[in-house]
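Enquirer:
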Amino acid sequence: MGHRIKTMTASVFPNARLSSAKMALSVVTLGILVVIGREFGGYLPRLLLWVDTLGVWAPATFVLAYVAATLTFVPGSLLTMTAGAVFGLVEGAFYTFVGATIGSALAFLTARYLARDAIQRRLVRYPKFAAIDKAVGLEGFKIVLLLRLSPVFPFNFLNYALGLTTVTFRAYMLAAIGMLPGSVVYAYYGMLVGDVLALAGGVPSSSGVSYYVTMVLGLVATVLVTMVIIQAARRALRNTMNT
Numbered sequence: 054m055g056h057r058i059k060t061m062t063a064s065v066f067p068n069a070r071l072s073s074a075k076m077a078l079s080v081v082t083l084g085i086l087v088v089i090g091r092e093f094g095g096y097l098p099r100l101l102l103w104v105d106t107l108g109v110w111a112p113a114t115f116v117l118a119y120v121a122a123t124l125t126f127v128p129g130s131l132l133t134m135t136a137g138a139v140f141g142l143v144e145g146a147f148y149t150f151v152g153a154t155i156g157s158a159l160a161f162l163t164a165r166y167l168a169r170d171a172i173q174r175r176l177v178r179y180p181k182f183a184a185i186d187k188a189v190g191l192e193g194f195k196i197v198l199l200l201r202l203s204p205v206f207p208f209n210f211l212n213y214a215l216g217l218t219t220v221t222f223r224a225y226m227l228a229a230i231g232m233l234p235g236s237v238v239y240a241y242y243g244m245l246v247g248d249v250l251a252l253a254g255g256v257p258s259s260s261g262v263s264y265y266v267t268m269v270l271g272l273v274a275t276v277l278v279t280m281v282i283i284q285a286a287r288r289a290l291r292n293t294m295n296t
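First residue of the sequence shown? That's 54 in my numbering, and the numbers climb one at a time after it.
And the structure:
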């Protein structure tokens, strides 16, 4: 079974065979990124709390931190929640979207031109990706958008994996709009948690009970809408790959 999957993956990407030197470079590149993520991922929450003290430089610093997290396989949900707590809903979601977009672009280009062989070997764990690659060849923007809306694959790894497909860089970047719903949900949740923690810590608030009730109801509504979008995206993605 494993041999058949490897053969199928190789046939999907016939042009991905590189020289031994390039293969070694791709493995080293990917390995460095994974090690950095594992070693320093736990420090990100403290880093973001420090970012809050930087004033006008805080947004740019956060975006850079998010780009680094995206490249090094650090899960972005905690960062997005922290952004909501630090910057608020609108700014937190926006800065997250900017960081995720830049990071995903760099990951895509890294896979396409530097770490192609290493990423290809890891795709053996995801046999369904062969069907996705075929669908991307037919409808690049649509498939990438649906993948963004439907978390079929881990976000950080998907950025690299899509670099091996035939999708154009332009279509890939335009489909980044599909990351917005998730950014809004996690930033919303982070903003609410930040307010609650501030109250628990004795920080005075001018907001009444109605404000927090509205916030909770808004979060529930946002999550429900996002779930509907995800389910619709999964159905559309499944139907597209089965045609």
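Just so you know, even glycine gets a beta-carbon here, dropped at the ideal spot from N, CA and C.
(1) The alpha helix (DSSP H) spanning K187 covers which residue range?
(2) Hey, how far is the Cα of T62 from the Cα of A183?
(3) If you run the structure through DSSP and keep just helix, strand and coil, what is T82?
(4) What runs of the beta strand (DSSP E), each 3 residues or longer, lie entirely inside the region 99–175?
(5) If you count every other CB in all the chains shown that lies within 10 Å of the CB of A160, and 16 or more means buried, which is it?
(6) Determine the DSSP secondary structure at L277, reduced to helix, strand or coil.
(7) Which word fits R178, buried or exposed, when buried means at least 16 other C-beta atoms lie within 10 angstroms of its C-beta?
(8) Would you mind stating whether T154 and A229 have Cβ atoms separated by less than 8 angstroms?
(9) In terms of residues, what are the limits of the alpha helix (DSSP H) holding L215?
(10) Count the other CB atoms within 10 Å of the CB of Q284; is the residue buried (16 or more) or exposed (fewer)?
(11) Rounded to whole angstroms, what is the Cα-Cα separation between A146 and V116?
(12) How many whole angstroms separate the CB atoms of T106 and A240, which I take to be in contact at a CB cut-off of 8 angstroms?
(13) Mind checking G235: buried by the 16 CB within 10 Å criterion, or exposed?
(14) Is any beta-carbon of chain C found at less than 8 angstroms from that of L199?
(15) Tell me the rounded alpha-carbon separation between G193 and A111.
(16) Give me, in chain order, the residues of the same chain whose beta-carbon lies closer than 7 angstroms to that of V220; leave out the 5 immediate sequence neighbours on both sides.
(17) Using the Cβ count rule (16 or more neighbours within 10 Å means buried), how would you classify V109?
(18) Which residues mark the beginning and the end of the alpha helix (DSSP H) in which Y179 is found?
Expert: With the structure as the only source:
(1) In the sequence shown, the residue the question calls residue 187 occupies position 134. K187 -> alpha helix (DSSP H) spans 182–191.
(2) Counted from its first residue, the sequence shown places residue 62 at position 9. Counted from its first residue, the sequence shown places residue 183 at position 130. Unreliable positioning characterises T62 in this predicted model, as indicated by a pLDDT of 41, which lies under 50. A coordinate reading is not provided.
(3) The residue labelled residue 82 in the question sits at position 29 within the sequence shown. Residue confidence for T82 is low, a pLDDT of 47 falling below 50, so the modelled location carries little weight and cannot support an answer.
(4) none
(5) On the sequence shown, position 107 is the one that residue 160 refers to. By the 10 Å Cβ count, A160 comes out buried.
(6) Looking up residue 277 in the sequence shown gives position 224. Residue state, collapsed to three classes: helix.
(7) Position 125 of the sequence shown holds residue 178. Classification for R178: exposed.
(8) Locating residue 154 in the sequence shown gives position 101, counting from the first residue. Locating residue 229 in the sequence shown gives position 176, counting from the first residue. Yes; because the gap between Cβ atoms is below 8 angstroms, this pair is in contact.
(9) Along the sequence shown, one-based indexing puts residue 215 at 162. Run containing L215: 208–215, per the alpha helix (DSSP H) assignment.
(10) Your numbering for residue 284 matches position 231 in the sequence shown. When all chains shown are included, Q284 counts as exposed.
(11) Within the sequence shown, numbered from 1, the residue matching residue 146 stands at position 93. Within the sequence shown, numbered from 1, the residue matching residue 116 stands at position 63. Those two C-alpha atoms are separated by around 11 angstroms.
(12) The residue you call residue 106 lines up with position 53 of the sequence shown. The residue you call residue 240 lines up with position 187 of the sequence shown. 20 angstroms between Cβ atoms; not a contact.
(13) Within the sequence shown, residue 235 is the residue found at index 182, counting from 1. Answer is buried; the Cβ neighbour count reaches 16.
(14) Reference to chain C is not applicable here, since this structure consists of a single protein chain.
(15) Along the sequence shown, read from residue 1 onward, the residue named residue 193 stands at position 140. Along the sequence shown, read from residue 1 onward, the residue named residue 111 stands at position 58. Their Cα atoms are separated by approximately 35 angstroms.
(16) Here residue 220 refers to the residue found at position 167 when the sequence shown is read from its first residue. V189, G193, V197.
(17) If you number the sequence shown from 1, residue 109 lands on position 56. Flag for V109 reads exposed.
(18) For this step, residue 179 is matched to residue 126 along the sequence shown. First-last for Y179: undefined, no H or E at that position.
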